[in-house]
Amino acid sequence: MQLHRAYALALYGLAFSCAGQVAPLEPLPQAVPDLTRQIQQQTQRLKQPIPQALSPQQLADTLQQKANLPDPLSDLPLKLDVRTQSGQLAWREVEVEHGFRAVEREWLLLLSSAEWQQLRQRWPQLSGFVQSQTRLEALNQLLIRLKVPLQLDSSALLQQQFNAELAAIAGRNHLYQPQSTPAASVPSAAQNVTMCERPVVVGMVDTPIALSHPALMQDGTGLQIIQQDFVAGDIAKSYGHGTAVAGVFAARHGGQPALLPKLRLYSASAFYASNDYQPSATLAHIIQALNYLAAQRVGVINMSLTGPANPVLAAAIDGLARQQVVLVAAAGNAGPAAPALYPAAYAQVLAVTAVDSQAGLYRWANQGDYIDFAALGVKVPALTAGGDWAVQSGTSLAAPVVSAAVACLRAQTPGATLADIKQQLIKQARDLGGPGKDAQFGYGLLAAPLKTQL
1 MQLHRAYALA
11 LYGLAFSCAG
21 QVAPLEPLPQ
31 AVPDLTRQIQ
41 QQTQRLKQPI
51 PQALSPQQLA
61 DTLQQKANLP
71 DPLSDLPLKL
81 DVRTQSGQLA
91 WREVEVEHGF
101 RAVEREWLLL
111 LSSAEWQQLR
121 QRWPQLSGFV
131 QSQTRLEALN
141 QLLIRLKVPL
151 QLDSSALLQQ
161 QFNAELAAIA
171 GRNHLYQPQS
181 TPAASVPSAA
191 QNVTMCERPV
201 VVGMVDTPIA
211 LSHPALMQDG
221 TGLQIIQQDF
231 VAGDIAKSYG
241 HGTAVAGVFA
251 ARHGGQPALL
261 PKLRLYSASA
271 FYASNDYQPS
281 ATLAHIIQAL
291 NYLAAQRVGV
301 INMSLTGPAN
311 PVLAAAIDGL
321 ARQQVVLVAA
331 AGNAGPAAPA
341 LYPAAYAQVL
351 AVTAVDSQAG
361 LYRWANQGDY
371 IDFAALGVKV
381 PALTAGGDWA
391 VQSGTSLAAP
401 VVSAAVACLR
411 AQTPGATLAD
421 IKQQLIKQAR
431 DLGGPGKDAQ
441 FGYGLLAAPL
451 KTQL
């Protein structure tokens, strides 16, 4: 009876984990502790607030669909050494609160030089924890990376040792993941019209882009890609996700025009390969990537990635919002009952869900009152790093459509504020679901072409 209950709980918990590729079964002695760990992870996740309960039929469908789809994060060991190609340890991934992952015992601070000086004067021992100190000119902040001893490795322990003020601004060096998955072999839809013909500028934080892809050829008249990598060159990279996202913006294939035919794309690469199919980005690398894009004066930044709430990420986003930079993020593929994911759930960010060609909601999309817009992202042709294309689904592929719309509005009205842009997008959107904004589709569907007269 106890085994039966554990098996049922495991299946129920899998309804709330991310879709991933099927992994081979492990021998029983290793599989049992892995199953126990997954049950513990899902128990923690089930304690989170549930924005919308699943109906019995939805739950049954979810269980059947998810039973054979392991969470890529659950397939990673509790500790994972990230090494350079020469074998040197770069950092160690570990599992932390609520099943998320972070760099072992690393914490970040994002603050002004004066604030950092005040903290060191108040607590001189902080200086002994400093691993690096990076000046972020565009954000006008310092990024401080700390390595704390085990006895201080939680917000509660930091608060006990220092005070609530420090604990409130310090965030783990969390890891964030992309949000797209393989789908059926036959695409059901593709972008076949341009969003606008204006010259536009877009920034993206993602994996590196395979610049040699035939659909992303730069001819000097339309597409221009400027790429900057923030992960050390001797650490293994994955190019697939960034190539797919760039393809949504700019791919020309099958006789179809690019969504943005006159695009200058600034690609800030922050990801490395955690395993064979799961790229990850540390928050420290993401913050440096955002600072680079702010320095390029891009008006919109696409972030097709998700992870936990973090005060350091929140501070960076707040700083960008004050500069009137529009941030667009994937809502997440954790399922309709999953907790909110970030950065999409921050108020200053436009959160994007995915729909299919019939405006049906992506079955694995996160839901909640933070969802702002929907865009095509289910069973769409996506570029691959190998020079081909494959059918993929996910909120990662929907977010660039909204970013493209923002870029066109920016080009059309350069002085528009964040509030102006959002109101224009609301006017562009086709209402789906219940009347008005809802937890599934937000304000509705955004699609090309951009309407010029509203």
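Using the UniProt record's numbering, the letters of the sequence shown map in sequence onto residues 1 to 454.
Ideal Cβ positions, reconstructed from N, Cα and C, are used throughout, including at glycine.
| Check | Outcome |
| --- | --- |
| Sorted by chain position, which residues of the same chain lie with C-beta nearer than 7 Å to residue 526's C-beta, five sequence neighbours on each side aside? | The structure shown has nothing for residue 526, since the chain only spans 1 to 454. |
| Should Glu93 go down as buried or exposed, given a rule of 16 or more other Cβ atoms within 10 Å for buried? | buried |
| Kindly examine the ligand PLP and report whether one of its heavy atoms sits closer than 7 Å to the Cβ of Lys422. | No copy of the ligand PLP occurs in the structure displayed, which carries no ligand at all. |
| Could you pull the start and end residues of the beta strand (DSSP E) that Gln228 belongs to? | 224-229 |
| For Asp61, which of helix, strand or coil comes out of DSSP? | In this prediction, Asp61 scores a pLDDT of 47, lower than 50, which makes its location untrustworthy; the coordinate-derived value is nonetheless stated afterwards. DSSP places Asp61 in helix when its eight states are reduced to three. |
| Let me confirm a value: Thr395 is counted as buried when at least 16 other C-beta atoms fall within 10 Å, else exposed. Which label applies? | buried |
| Sorted by chain position, which residues of the same chain lie with C-beta nearer than 6 Å to Val193's C-beta, five sequence neighbours on each side aside? | Ala448, Pro449 |
| From the DSSP output, which residues share a beta bridge with Met195? | Note: Met195 sits in no beta bridge, so no partner. |
| Examine the Cβ distances between the region 265-281 and the region 118-128 and report whether three or more of them are shorter than 8 Å. | no |
| Helix or strand or just coil, what does DSSP make of Ile286? | helix |
| Are the beta-carbon atoms belonging to Thr413 and Gln324 less than 8 Å from one another? | no |
| Along the chain, where does the beta strand (DSSP E) containing Arg83 start, and where does it finish? | 79-83 |
| Could you tell me the boundaries of the beta strand (DSSP E) in which Thr353 lies? | 349-355 |
| Would you kindly work out how many angstroms separate the C-alpha atoms of Asp438 and Ala399, rounded to a whole number? | 18 Å |
| State buried or exposed for Asp372, treating a residue as buried only when at least 16 other CB atoms are found within 10 Å of its CB. | buried |
| Flag this pair as yes or no: are the beta carbons of Ala359 and Leu445 separated by less than 8 Å? | yes |
| Just to confirm, is the Cβ distance from Ser343 to Ala329 under 8 Å? | The sequence given here places Pro at residue 343; Ser does not occur at that position. Yes. Within cutoff. |
| Of all the options Val248, Lys427, Tyr176, His241, which has the alpha carbon lying nearest to the alpha carbon of Val202? | Val248 |
| Keeping to the same chain, check which residues put their C-beta closer than 8 Å to that of Tyr272; ignore five residues upstream and five downstream. | Val82, Val231, Ile235, Ala236, Lys237, Ser238, Pro279, Ser280, Ala281 |
| Kindly indicate which residue of Met195, Phe441, Arg120 has the alpha-carbon position closest to the one of Lys451. | Met195 |
| If you draw a straight line from the alpha carbon of Leu69 to that of Leu260, how long is it in whole angstroms? | Low confidence applies to Leu69: its pLDDT is 47, below 50, so where it sits in the model is not reliable, and the reading given next is rough at best. C-alpha separation (whole angstroms): 35 Å. |
| Please work out which residues of its chain come closer than 7 Å, Cβ to Cβ, to Ser113, disregarding the five sequence neighbours upstream and downstream, and give them in chain order. | Leu142 |
| Per the DSSP calculation, Glu106 is bridged to which residue(s)? | Lys147 |
| Would Ile301 pass as a contact of Leu327 if the rule is Cβ separation under 8 Å? | yes |
| Between the beta-carbon of Tyr362 and the beta-carbon of Val378, is there less than 8 Å? | yes |
| Is it right to say Met204 is buried, meaning 16 or more other beta carbons lie within 10 angstroms of its own, or is it exposed? | buried |
| Kindly confirm or deny that the region 378-391 and the region 401-413 touch, where touching means at least three C-beta pairs closer than 8 Å. | no |
| Ordered along the chain, which non-local residues of its own chain (more than five positions away) have a Cβ less than 7 Å from that of Ala251? | Ala215, Leu216, Ala258, Leu383 |
| DSSP state of Glu93, grouped into three classes? | strand |
| Quick check: what's the CA-CA separation for Asn310 versus Asn366? | 19 Å |
| Considering only C-alpha positions, which residue in the set Val380, Glu115, Ala321, Leu376 is nearest to Arg430? | Leu376 |
| For Tyr176 versus Leu283, is the C-beta distance shorter than 8 Å? | yes |
| Which word fits Asp420, buried or exposed, when buried means at least 16 other C-beta atoms lie within 10 angstroms of its C-beta? | exposed |
| Rounded to whole angstroms, what's the CA-CA distance from residue 455 to Leu78? Just pull it up for me. | A question about residue 455 goes unanswered here, because the residues of the chain that appear run from 1 up to 454. |
| Using a Cβ-Cβ cutoff of less than 6 Å, which residues in the same chain neighbour Pro49 once the five nearest sequence positions on both sides are dropped? | With a pLDDT of only 48 at Pro49, under the threshold of 50, the placement of this residue in the model should not be trusted, and no figure is reported. |
| In this structure, how does DSSP classify Asn302 when only helix, strand and coil are distinguished? | strand |
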